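Using the working numbering, count along the sequence shown one by one with no gaps and you end on 178. We put the beta carbon where it would ideally sit given N, CA and C, even for glycine. What you are looking at is a predicted structure, and each value in this text was computed from that prediction instead of being measured. Comments concern the structure below.
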Amino acid sequence: MPNTPLPPKPTAAELDLLQTLWPLGAATAKQVHQHIVKDRPDVTYATVLRLMQIMHTKGLLIRDESERSHVYAPAQAQDTLQTGLLKDLIQKAFSGSAKALVLAALKSGISSKERAEIEALLKEGDQP
């Protein structure tokens, strides 16, 4: 089986846009802009459209051109992209050690609620 090239890693701005688009599933640039502007009123429609066009060219978004307003969707599911980014981070920043990543995350400060959720997950894993 031939090796398929890995999809490009999104920039911070592209990842922000994907965080908006994933829950929507598929949307026009106007719809994405309407969601982004709620939290960041300084972002213009033209900026969102241009970023989405760049992301399509890079293979981060797919585009349906059958309607007048193009509809964009993420090329990868959220968990797939996040898993790939996490694996890359573990390799590059933590010498391949998931334990080192988890310890660093725990040291960086988590809420007591997050700590309780983590402890519950760990206890579930110990159950027969």
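State the Cα-Cα distance for the pair Arg113 and Val121, rounded to the nearest angstrom. On the sequence shown, position 63 is the one that residue 113 refers to. On the sequence shown, position 71 is the one that residue 121 refers to. Cα to Cα, Arg113 sits roughly 6 Å from Val121.
Could you check how far apart the C-beta atoms of Leu67 and Leu101 are, in whole angstroms? I think they sit under 8 Å. Counting from one through the sequence shown, the residue named residue 67 turns up at place 17. Counting from one through the sequence shown, the residue named residue 101 turns up at place 51. Yes, they are in contact, since the Cβ atoms of Leu67 and Leu101 sit about 6 Å apart, within 8 Å.
Cβ pair count under 8 Å reaching 3, the stretch 145–157 against the stretch 61–77: no
Rounding to the nearest angstrom, what Cα-Cα distance links His106 and Gln132 in this structure? Locating residue 106 in the sequence shown gives position 56, where the first residue counts as 1. Locating residue 132 in the sequence shown gives position 82, where the first residue counts as 1. Approximately 18 Å, taken between the alpha carbons.
Tell me which residue opens and which closes the beta strand (DSSP E) that Ala123 is part of. Position 73 of the sequence shown, counting from 1, holds the residue named residue 123. Element bounds for Ala123: Val121 to Pro124.
Taking the beta carbon of Pro52 as the centre, do at least 16 other beta carbons fall within 10 Å, making it buried, or is it exposed? To locate residue 52, count along the sequence shown from 1; it is residue 2. Per-residue confidence for Pro52 stands at a pLDDT of 49, beneath the threshold of 50, marking its modelled position as unreliable; no derived number is given.
With a cut-off of 8 Å on the beta carbons, I'd call Gly109 and Ala125 a contact; round off their distance for me. Indexing the sequence shown from 1 puts residue 109 at position 59. Indexing the sequence shown from 1 puts residue 125 at position 75. Their Cβ separation, rounded to whole angstroms, is 6 Å, which keeps Gly109 and Ala125 in contact under 8 Å.
Can you check the stretch 111–177 for any beta strand (DSSP E) of at least 3 residues that lies completely inside it and give the ranges in chain order? 111–114 and 121–124
Euclidean distance between Cα positions of Lys222 and Lys149: One cannot answer for residue 222 here, as it falls past the ends of the chain, which runs 51 to 178.
Let me know if Ile160 comes out buried or exposed under the rule of 16 or more other beta-carbons within 10 Å of its beta-carbon. Position 110 of the sequence shown, counted from the first residue, corresponds to residue 160. Its Cβ having fewer than 16 others within 10 Å, Ile160 is exposed.
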